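Q: I am attaching a structure below and will ask some questions about it afterwards.
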Amino acid sequence: MSAVREQSHAVFQATAVTLANRSRERFAVRVLTLITTLLILPLIAIISLLVAKGAPAMSLEFLLAAPVAGMTAGGIFPAIVGTLWLVGVSLAVAAPIGILAAVYLNEYAGDNWVTRIINLAIVNLAGVPSIVHALFGVGAFVLFLGMGTSILSASLTLAIMTLPVIIASTKEALASVPLAFREACWVLGASRWQTIRHVVLPNSISGILTGVILQVSRAAGETAPIMFTGAAFYLPFLPQSVYDQCMALSMHLFTVSTQVPNVPEAIPYATALVLLGLVMSVNLTSILFRSYLRSRRKW
Amino acid sequence: MSGQRNKIEIRDLSLRYGNDQALYNINLDVREHEILAIIGPANAGKTSLLNCINRMIDFVPSARVSGSIRFDGLEVSKLRDPAQLRRRIGMVFPLPVGLPMSIYDNVAFAPRMSGIRSGSALDEIVETCLQQAALFDEVKDRLGDLGTKLSGGQQQRLTIARALSLRPEVLCLDEFSIAVDPVTTMKIEAVIKTLREQMTVIVVTNLVLQAKRLADRTALFLGGKLIEVDDNEIIFSRRTADMRTFQYVQGLFG
Chain A
5 MSAVREQSHA VFQATAVTLA NRSRERFAVR VLTLITTLLI LPLIAIISLL
55 VAKGAPAMSL EFLLAAPVAG MTAGGIFPAI VGTLWLVGVS LAVAAPIGIL
105 AAVYLNEYAG DNWVTRIINL AIVNLAGVPS IVHALFGVGA FVLFLGMGTS
155 ILSASLTLAI MTLPVIIAST KEALASVPLA FREACWVLGA SRWQTIRHVV
205 LPNSISGILT GVILQVSRAA GETAPIMFTG AAFYLPFLPQ SVYDQCMALS
255 MHLFTVSTQV PNVPEAIPYA TALVLLGLVM SVNLTSILFR SYLRSRRKW
Chain B
141 MSGQRNKIEI RDLSLRYGND QALYNINLDV REHEILAIIG PANAGKTSLL
191 NCINRMIDFV PSARVSGSIR FDGLEVSKLR DPAQLRRRIG MVFPLPVGLP
241 MSIYDNVAFA PRMSGIRSGS ALDEIVETCL QQAALFDEVK DRLGDLGTKL
291 SGGQQQRLTI ARALSLRPEV LCLDEFSIAV DPVTTMKIEA VIKTLREQMT
341 VIVVTNLVLQ AKRLADRTAL FLGGKLIEVD DNEIIFSRRT ADMRTFQYVQ
391 GLFG
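Structural data, given as structure tokens:
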């Protein structure tokens, strides 16, 4: 009896190998933790720099007034409004088209050469640099379709840019719904569309919306695609329709930092802070929204 | 006991997945109101056969079907709307799949999709089908709970209730007891025996004894070929037409 007990204790005695493994394990955990922690540093540095340097200019008036005195004073209200216009219109175009295309590609398209070419095109479109999108926007919307430099041209350019990513993220969300659910519906005599409408979409909507919302922040931050297609350096009035030009935060930041002399240092920093705040609050909303929908996950 | 009319007539049915042949020239009749068991080891083509009957095989892009399946005399491959066929053939898969919706909605799903809107009609269907699947007493107070949160055995009975929700003429059960405890299995088997009054039942099973208990006739499949089909008295005796049937039933190979 006691011999057995001694033996079973002996099994848990540390040998040279297990001790070496333990110290390697500790080392690995420390290195990985350190690297991950370092990742946060740039973000903290950027935010604290923007807050420190932008704080003097930041006020309610800065947010709600138009720039004055050749953009060396006043606020950025028209740029905020313009960014909302651009993001809103581009999303109104890109989200429905992207979601419907993804539903087709994931649920209906067979595995043939047409589908493969479409998928290849989407992947490549996602990799096109934004300045190339800008030139395409000028050629296609501003000149060829005669929309001029307008919110419409700029938004469509942004939409073309965000579309492939929306398609990719939506496809991923749809693919996360198990095939077994679809088969269970088909076998009950439900059509493909009924299955999509009643089972696939309701159970992937959180992933789809998250993907779409994340594109909002990307569209809000881009400068190149809107520079030649619809964003203005300075406009004394707010846009009234999609056929007007508008100011935009990203464009305004570029202008006041590089194009206009004698701008107080705080103004570009405060503009950047507002843009970053906008983007981060959109991302935060999407994260909260996703975790809310995940908590209601049904399987 | 069994009606002599043939519900399903399968003639020269062959099936290939790409270069792999899954079924070889199957000829098999399923009689109205009988319980037909299909037995055989893995890869025998049992599930493939069911998928051909209700045209779920359409969803497998590489599948090529030849030959003829007649359902009530109608050529299955010529039907323009296979969904209509699937409403007349209930099907239960080996692993239970509760749809991510309430228990009530799980059972009411197919009737709703086929156009039934009336609340009282749906209530009645849900209650009847859950009762037929021996699940009603366990869930009657929580029909609004998620079907996916039920235990495995309960989900399998939910799947059966769902398969019954359109009052199908044929019920196919594909190894329904694989994820179910013995007590529930016996409950479901009792249910199947009562259902044969209303419908034709095809049971695919790995359990030879289940076929013996349940079925009127049993078919043995091996490697995509139909070896023998006959009344249970013959299949489970020494008088089988093919030696392999006797050996398989006795557990000598397979």
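Order-wise, the sequence lines are chains A and B. Yeah, the first sequence ends on 303 if you go by the numbering used here, and it's all consecutive. Yeah, the second sequence ends on 394 if you go by the numbering used here, and it's all consecutive. C-beta: ideal position from N, C-alpha, C; glycine also. All of these numbers come straight from a predicted model, not from anything done at the bench.
How should A/E269 be labelled, buried or exposed, when 16 other C-beta atoms within 10 angstroms of its C-beta is the threshold for buried?
A: Per the 10 Å Cβ criterion, exposed.
Q: Could you list which residues in chain B have their beta carbon closer than 8 Å to that of A/G211, in chain order?
A: Within 8 Å Cβ-Cβ: nothing; A/G211 doesn't reach chain B, min ~14 Å.
Q: Going along the chain, which residues of its own chain have a beta-carbon closer than 8 Å to the beta-carbon of A/M5, five neighbours each way excluded?
A: Note that A/M5 has pLDDT 48, beneath the 50 cutoff, so the model's placement of it is unreliable and no number is given.
Q: What are the start and end residues of each continuous alpha helix (DSSP H) run of 4 or more residues lying completely inside the region 295-372 of chain B, in chain order?
A: The qualifying runs are 322-335 and 348-354.
Q: Can you list, in chain order, the residues of its chain with a C-beta nearer than 6 Å to that of B/A184? Leave out the 5 residues immediately preceding and following it.
A: Counting only Cβ-Cβ distances below 6 Å, and skipping sequence neighbours, we find F361 and L362.
Q: For the putative contact between A/L253 and A/T275, defined by C-beta atoms under 8 Å, what is the C-beta separation to the nearest angstrom?
A: Correct: roughly 6 Å between the Cβ atoms.
Q: Are any of the Cβ atoms in chain B nearer than 9 Å to that of A/W117?
A: It does not; no Cβ of chain B falls within 9 Å.
Q: What did DSSP end up calling B/R171 once you bin it into helix, strand or coil?
A: Of the three classes helix, strand and coil, the one that applies to B/R171 here is strand, per DSSP.
Q: Jot down the residue ranges of each uninterrupted beta strand (DSSP E) in the region 91-159 of chain A, minimum 3 residues, whole runs only, in chain order.
A: Correct list: empty.
Q: Who are the neighbours of B/P181 on chain A, taking C-beta pairs under 8 Å?
A: Simply none; closest approach about 24 Å.
Q: Are the C-beta atoms of B/G143 and some chain A residue less than 9 Å apart?
A: For B/G143, the predicted structure reports a pLDDT of 49, less than 50, and the residue's modelled location is therefore unreliable. A value from the coordinates is still provided. Chain A contact via Cβ: absent.
Q: Between A/S157 and chain B, is there a C-beta pair that is closer than 9 Å?
A: Answer no: the Cβ-Cβ gap between A/S157 and chain B never drops below 9 Å.
Q: Check whether the region 261-277 of chain B touches the region 345-360 of chain B, taking contact to mean three or more Cβ pairs, one atom from each stretch, closer than 8 Å.
A: With a cut-off of 8 Å, the region 345-360 of chain B and the region 261-277 of chain B do not count as touching, because too few Cβ pairs lie within range.
Q: Taking Cβ-Cβ distances shorter than 8 Å, what residues in chain B pair up with A/V286?
A: The premise fails here: A/V286 is roughly 28 Å from chain B at the closest Cβ pair, so nothing lies under 8 Å.
Q: On the premise that A/A138 lies in contact with A/P229, defined as a C-beta separation below 8 Å, what is that separation, rounded to the nearest angstrom?
A: The pair is a contact, with the Cβ atoms about 5 Å apart (cut-off 8 Å).
Q: Quick one: does A/A179 have its CB under 9 Å from some CB of chain B?
A: Not closer than 9 Å to any Cβ of chain B, the Cβ of A/A179 fails to qualify, so no.
Q: According to DSSP, simplified to helix, strand and coil, what is A/P265?
A: Note: A/P265 maps to coil in three-state DSSP.
Q: In whole angstroms, what is the alpha-carbon distance linking A/V146 and A/L242?
A: Using only the alpha carbons, I get a separation of about 20 Å.
Q: For the region 196-220 of chain B, list every residue whose C-beta sits within 8 Å of some C-beta in chain A, in sequence order.
A: Correct list: M196, F199 and P201.
Q: Determine, using beta carbons only, whether A/M284 and A/F258 come nearer to each other than 9 Å.
A: No.
Q: Give the DSSP-derived three-state secondary structure of B/L153 in the structure shown.
A: Note: B/L153 maps to strand in three-state DSSP.
Q: Could you tell me which chain A residues have their CB closer than 7 Å to the CB of B/R156, listed as they occur along the chain?
A: Per Cβ cutoff of 7 Å: no residues; B/R156 is ~17 Å from chain A at best.
Q: Can you tell me whether A/V181 is helix, strand or coil according to DSSP?
A: Coil.
Q: Pull out every residue of the region 104-130 of chain A whose Cβ sits closer than 8 Å to any Cβ of chain E, in chain order.
A: Among the protein chains of the structure shown, namely A and B, there is no chain E.
Q: What does B/M326 touch in chain A if you count any residue whose Cβ is under 8 Å from its own?
A: Residues of chain A passing the Cβ test: none, with the nearest at roughly 25 Å.
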